[in-house]
Structure formats: C-alpha cells, structure tokens
Amino acid sequence: MRRVKGWANGLRSSPWGENKLTNQAEYSPYDTEIYRITKESERLLDKEEGILYRTYKPHPESIHPANQEQIRKIINNIPSHYLTGLKGIFLCSGSKKQLNCNEFRFASYNDFYKVIYLFPFPKMMCLHYKTKPKPSICIEYERHGTRWIEENNGWILKFDKKSIQSFYLKDVLFHELGHHVENQFHDIKHKSNKQRERFAEWFAIEYGLKSQIK
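So the sequence shown is numbered by the numbering used here: it starts at 14 and just counts up by one.
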C-alpha cells in the first residue's frame, strides 16, 4: 500500500498520520470506497478473462494523475508472468473525507480480489508535512521532479503535472504491482508489513524506475 507521512489539506494531523505503514486507523474513507466499487464490479471481475480497467470520475478537488490509456500502455509492456492473477486496476473517485483524512493514500492492493486501486491526487498538487521526512523518503519523491518548500508550520511537498504523473506511473503503480507479485509467487504468511513494503519498494525501483518501460 502506497501511503505518505503527510496529509492532503494541511488542516489535520494525528499519530496515525506519522506512521507510513500503519493499518490501524479507526475509520478509513479509502477502505469504504474500495469496498463499494469492488462490490459494484464483483461479477465483472469474475467474468473478465484479462485485467478489468475502470475509471471513476474524480472528486472536484482531485485529479487522476494518469489516465487509463497510459496505464494500459505500461501494463501491456510488463512481462506477463508478473500479471498472472491480476483481476483489475481501478482509478478511484476519491472523496472530501479522503482529502480530510489524517493520512493520504496514493493507492492500495487487495490481495483477495487481486485488484489495484489508484486514488486521485489533490488538485492543489501538494502534500503537507509537520517535519521534513528523512533523506531516503525525500529522494523517493525528488527523483520525479518534486520540490520541498519550508513554511512556518511545516513543509510542503510540491508536485507539478509532469512529476505527479511520473510518480504514479513509475512508482505508485509498480509498488502495488509488487504487492501482487509477492502475493502470487512468495510465501507471505510469516512476513511483516515492513518486509512486504520493502519488497514493493524494491519492485517499484527495479521495474518502474530502472526499466525502459515508457
């Protein structure tokens, strides 16, 4: 699951928002949307022979950094064995509650339905941090062309159209695909969340950033 130690609107923060890997939020509007759109598509997921692509109109305050055509182009160039069992890639609509959530989520992977969910990004093209993350985290974003701006009450991670598209197509998408690959081919029963996140991050670097896929 690709998350960020920051929040979208800069208005709220809590201990939940400080842990990149936490899955203990008492309420998640992201999971609510995942449940709803998966139930809507359950029959199609069962019938579809290949990958089911669905695009939902984004919330008025959000955008889809990449469209279905761009995602298909990349997926079509990925070795087929990595896609074995992948049932769907959904571009979610997002919501005001997601924008107000203590922890921003770029995407998620459901290992039961085998679907990747890509969430829209705030139209203001930035995320807020109380403190600047450690250098290894900063580099994850900077290599796509982002900028850090210091403010009195924290830091802003600023994207533009090119950098957010690059980040979604070369990092976020491959990060979630990494979760699918590990789920399909590796024994994950005894792996911690941190171990699974490390594999997904490695997969995104190796096949999203280093590959020649355009």
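No residue lacks a Cβ here, since even glycine has one placed at the ideal position from N, Cα and C.
Taking a 10 Å sphere around the C-beta of Ile88, we find 16 or more other C-beta atoms and assign the residue as buried.
Counted as a single uninterrupted DSSP element, the alpha helix (DSSP H) harbouring Glu214 occupies residues 206-216.
The Cβ atoms of Gly158 and Phe132 do not sit closer than 8 Å to each other. The Cβ neighbour count for Gly101, taken over all protein chains shown within 10 Å, is at least 16; the residue is labelled buried. Distances from the alpha-carbon of Gly191 to those of Asp59, Leu96, Arg56 put Leu96 closest. Contact check between the segment 78-93 and the segment 179-187: three or more CB pairs, one atom from each, fall below 8 Å, which counts as touching.
Between the segment 105-120 and the segment 44-51, the count of C-beta pairs closer than 8 Å reaches three or more; the two stretches touch. Taken in chain order, the complete alpha helix (DSSP H) segments of 4 or more residues contained in the segment 79-103 are 81-88. The beta carbons of His188 and Glu219 sit no closer together than 8 Å. Between the segment 148-165 and the segment 192-199, the count of Cβ pairs shorter than 8 Å is below three; the stretches do not touch.
Pairing Ile169 with Glu210, the inter-Cα distance amounts to about 24 Å.
In this chain, the beta strand (DSSP E) harbouring Val128 covers 128-131. Contact between Glu74 and Lys136 holds: their C-beta atoms lie close to 5 Å from each other, under 8 Å. Secondary structure at Asn166: coil, using DSSP grouped into helix, strand and coil. Residue pairing by DSSP puts Phe134 in a beta bridge opposite Ile76.
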